[in-house]
Amino acid sequence: MGAKLDRAASGTANYVDERTSIGGFVKFFARKIFPDHWSFMLGEIALYSFIILLLSGVFLTAFYVPSMTEVHYEGPFATMHGVEMTEAFASTLKTSFEVPGGLLIRQIHHWSALLFIAAILVHMCRVFFTGAFRKPRELNWLVGFTLFVLGLAAGFTGYSLPDDVLSGNGLRIIDGIIKGVPLIGTYTSYWLFGGEYPGVDIIPRLFTAHILLVPGLILALIALHLFLVFLHKHTQYPGGGRSHRNVVGLPLFPVYTAKAGGFFFVVFGIVALVASVFTINPVWNYGPYDPSPVSAGTQPDWYILFVDGLLRMWPGWLFGLPTEWELWGYTLSLNIILPAVIVPALFFGIIALYPWIEAWATGDRGEKHVLDRPRNVPVRTGIGVAFIVFYVLLVIEGSNDIVANLFHLSLNDITIFMQWAIFLLPPLAFWITKRICLGLQRKDRELVLHGHETGTIVRYEHGEYVEVHEPLDAQETWLRVSYENYTPLEIEPERNDHGVARNGYRWDRFKQRLSRFYFEERIEPVTPAELEAARHHHGGASAHGKSDAAEAESADKRLDAEWNELDGDAKK
Amino acid sequence: MHAIARRRHHRAAPLLLVLALLALITGIAAVAAPSTAQASTEASADDVVAGERLFAANCASCHGLDAQGQDGVAPSLVGIGAAAVDFQVGTGRMPMQASGPQAPVKPVQFSQDQIEQLAAWVASLGAGPAIPTADEVDPALGDPANGMLVFRTNCAMCHGSIGGGGALTQGKFAPSLLETTPTHIYEAMLTGPQSMPVFNDANITPEMKRDVIAYLDFQSNGSPGGLSLGAIGPVSEGLWAWLVLLGLIIASTIWVGARSS
């Protein structure tokens, strides 16, 4: 039986291989080496939640009607009896209450959408803090960033499809932001909505974007993203034997294929569990869209909250001047485009361009395949934490009414606090993080030079005390000494010997300033000479102390034994 | 004197005293407490008198003995009607414990009879809305679908889409309606307590008010999708996505990663 099966399998494989020459590819992929660490699976979470989104989304399209034609509800849900609504909303209710398993699939779809963006962000943080975006991976960082933006677009277009009051309010805000853009805003809004908001075109258009355009782009970019991962090879955490020229790990087949395949079901299982226990987006509470009502607690899904936070935080008046201007009969809504367009664009722009910014500061053109420990790049780690604090503050401001209600605070006080905190807390977070990183680096130096404390203290006959230190083993030492020690860039002078100004001096000076910001204050890794000197000085005393301590201990035991013997004799 | 003093110091004296007091209290209670059989919605003259006494003892320090109110302290109660008293005292909001942005719900301080007596006295000061009848607030007689439409046009902007509550300015808030009794919901619409506007019968008819009550009552069936996470919208959903969903999954990546081959 077994032999028969084997023959059938190899026969099939041979048949396919002879016609496609796929064997080489399979061998290449199966033997591809990947390093092992739990944090390398964060991107997988995003990939798997996207697969869940595709699967559940296909189910939902079977029942969803992307139409704004008015109907009267005739389904079983009591609070909607006879209510006028669009077909889009009616079909969403039908999916929820009449299609078997429909509500569960809807909730799986929405929960995995929230998970998709959260997983992308966490994966981005891992890549950022470990420096995995450095050469040659800058372009892949950009691809990943684009995936993040497309994820937001997928989320927003899908959020609006049920055509309920909540998402309609969100759409109205988007319409307001678009109209706030000078010159082209109003035209763009008319073009997008097919006339004055809301019109009857927007739902079918969003549907096309949500099920075809955006997922198609995401799928293509995921393919590119993974292709580049294979091309560049995976990065690895620092350790003995790991260099920028090798990858230490296990082949993809069989261990990682089993792990990754199994992990998909873990993710799917947890999403299904959460979706079957917790309600998400209860559109039956919000009711069909109508431009007049707005309910308390009207917020976008969490990933758009930061824009809401900026809008809520932005003052109408700044230093006695209004932030909305009327010039020659045209309204210039700085109070909308600054918080909702300009600030997010700057924030996202810095994130997208970060690999290049850091490369200017280091001036390093080598390929980096070994990751950084976050402490060894204090300024980058500080910038990352400052960005996270900035983002989280905006999210909290975006939910200021919920926060006010939950903690019995004044809504107005929260907003005023946030208006100051958004300027003060991110720099403070940067400074604290940088200090912590430098402190950890100093601790590493201490450990390498002096070894682990053993808690054993030896006193010599002449009265000297010596604490015994255990020197670090090779792996421990390697981890703490092998990091890039960048120093601020040195640049050529502004003028040459003949006093002629040099082209490109200003750009060099900018890079030098940036470099100083990064590397002026740094903890140098322990050099082999320093280590040797420390071993010689300390290691000697320590080693002496260690042998003396051992000797003293055995002498102690001997005395104890003798004493017990004498004690026993006396008792007799 | 000596004999009396000796009797007073008798060992049984404290016990007798306690028994005598208990008998006295029981007797007074038996006489004073109105029997439930006699209770009726019609306020009697006795109720008004008793209400005035209760008012003088518990409310007058802020609202004044004549219930005319004091500037910046407490409003005049002339003409607010029995419904307002039943709502404010019946939900424990009044008497107010401490001054603040808003009087919060707290344990009710009076019995329903005492509340009705207070309401009777306040209603006697000037005409105002009466406490609604049982039929007027019966959710079974309302249309929840129409209630949904009325609610989201008039109520949801403060109380949230199904009455989960929401924040107002300067520490004030619209409370959750999910635990409020139908009578109190009706009275609140009628009298507009605190920051709430008055929805009189011309604005929202009594039938529409009952529809709103039916809509809110429908929410006690729970959410069809599972636990409602406070019914406050996408913020709590996002928080759960991060803490529970992503949290569980990252915990499992660490578990999978820890089983290194």
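Keeping their order, the protein sequence lines are chains A and B. Residue 1 is where the first sequence starts when you use UniProt numbering, and the numbers rise one by one after that. Residue 1 is where the second sequence starts when you use UniProt numbering, and the numbers rise one by one after that. Even for Gly, the Cβ is constructed at its ideal location relative to N, Cα and C. In this text the structure is predicted, and so the values were computed from the model without any measurement.
- Of all residues in the region 384-406 of chain A, only Ser-399, Asp-401, Ile-402, Ala-404 and Asn-405 come within less than 7 Å of chain B when Cβ atoms are compared, listed by chain position.
- Contact note: A:Ser-160 does not reach chain B at a C-beta cutoff of 8 Å; the least C-beta distance is about 13 Å.
- A Cβ of chain A is located within less than 8 Å of the beta carbon of B:Ala-231.
- Around the Cβ of B:Leu-118, a 10 Å sphere holds 16 or more other Cβ atoms; the residue is buried.
- For the pair B:Pro-182 and B:Ile-213, the CB atoms are nearer than the 8 Å cut-off.
- Within the region 87-109 of chain A, the residues whose Cβ lies closer than 8 Å to any Cβ of chain B are, in chain order, Ser-96, Phe-97, Leu-103 and Gln-107.
- The beta carbon of A:Val-274 sits closer than 8 Å to the beta carbons of Trp-111 from its chain, once the five residues preceding and following it are set aside; these are given in chain order.
- Using beta-carbon distances, B:Val-256 counts as an interface residue toward chain A, with a partner under 8 Å.
- Exclusion of the five residues before and after B:Met-96 leaves Cys-62 and Ala-103 as the residues of its chain whose Cβ lies within less than 8 Å of its Cβ.
- Its chain contains Ile-33, Phe-34, Pro-35, Lys-233, His-234, Gln-236 and His-369 as the residues whose beta carbon lies nearer than 8 Å to that of A:Val-247, once the 5 sequence neighbours on both sides are disregarded; these appear in chain order.
- For B:Arg-53 and B:Leu-125, the gap between their C-alpha atoms comes out near 14 Å.
- Burial check for A:Gln-419: the Cβ neighbour count within 10 Å stays below 16, so the residue is exposed.
- Interface criterion not met: the Cβ of A:Gly-241 is under 8 Å from no Cβ in chain B.
- For A:Cys-125, the closest of A:Leu-42, A:Leu-139 and A:Thr-186 by C-alpha to C-alpha distance is A:Leu-42.
- Using a Cβ distance threshold of 8 Å, A:Thr-69 and A:Glu-87 count as a contacting pair.
- Neighbours of A:Gln-299 across chain B, judged by C-beta separation under 8 Å: Gly-233, Pro-234 and Val-235.
- DSSP links A:Ser-333 through a beta bridge to A:Glu-324.
- Taking C-beta atoms under 8 Å as the contact rule, A:Ser-295 and A:Val-165 qualify, at a distance of about 7 Å.
- Under a criterion of Cβ atoms nearer than 7 Å, the residues of chain B adjacent to A:Tyr-286 are, in order, Ser-161.
- What B:Pro-107 touches in chain A, judged by beta-carbon distance under 8 Å, is nothing: the nearest beta carbon there is about 18 Å away.
- Between the region 210-222 of chain A and the region 1-12 of chain A there are fewer than three C-beta pairs closer than 8 Å, too few to call the two in contact.
- DSSP places A:Arg-442 inside the alpha helix (DSSP H), whose first and last residues are 411-450.
- Counting along the chain, the unbroken alpha helix (DSSP H) around A:Val-214 starts and ends at 214-232.
- When the beta-carbon positions are compared, A:Val-385 and A:Ala-340 stay at least 8 Å from each other.
- In the displayed model, B:Gly-233 falls within coil according to three-state DSSP, outside both helix and strand.
- Against chain B, the CB of A:Val-165 has a partner CB under 8 Å away; the residue lies at that interface.
- Excluding five sequence positions before and after B:Gln-70, the CB atoms of its chain that fall closer than 8 Å to its own CB belong to Cys-62, His-63 and Gly-64, given in chain order.
- Sequence-distant partners of A:Ala-421 (beyond 5 residues in either direction) whose C-beta falls short of 8 Å from its own C-beta, in its chain, are Leu-393.
- Within chain B, the C-beta atoms nearer than 9 Å to that of A:Val-83 come from Ala-145, Asn-146, Met-148 and Leu-149, in chain order.
- Relative to A:Asp-413, the option among B:Ile-25, B:Ile-250, B:Gly-171 and B:Leu-149 whose CA is nearest is B:Gly-171.
- The Cβ-Cβ distance between A:Asn-405 and B:Gly-92 does not fall below 8 Å.
- Annotation: B:Ala-57 to B:Gly-51 spans about 10 Å, alpha carbon to alpha carbon.
- With fewer than 16 other beta carbons inside 10 angstroms of its own, A:Tyr-465 counts as exposed.
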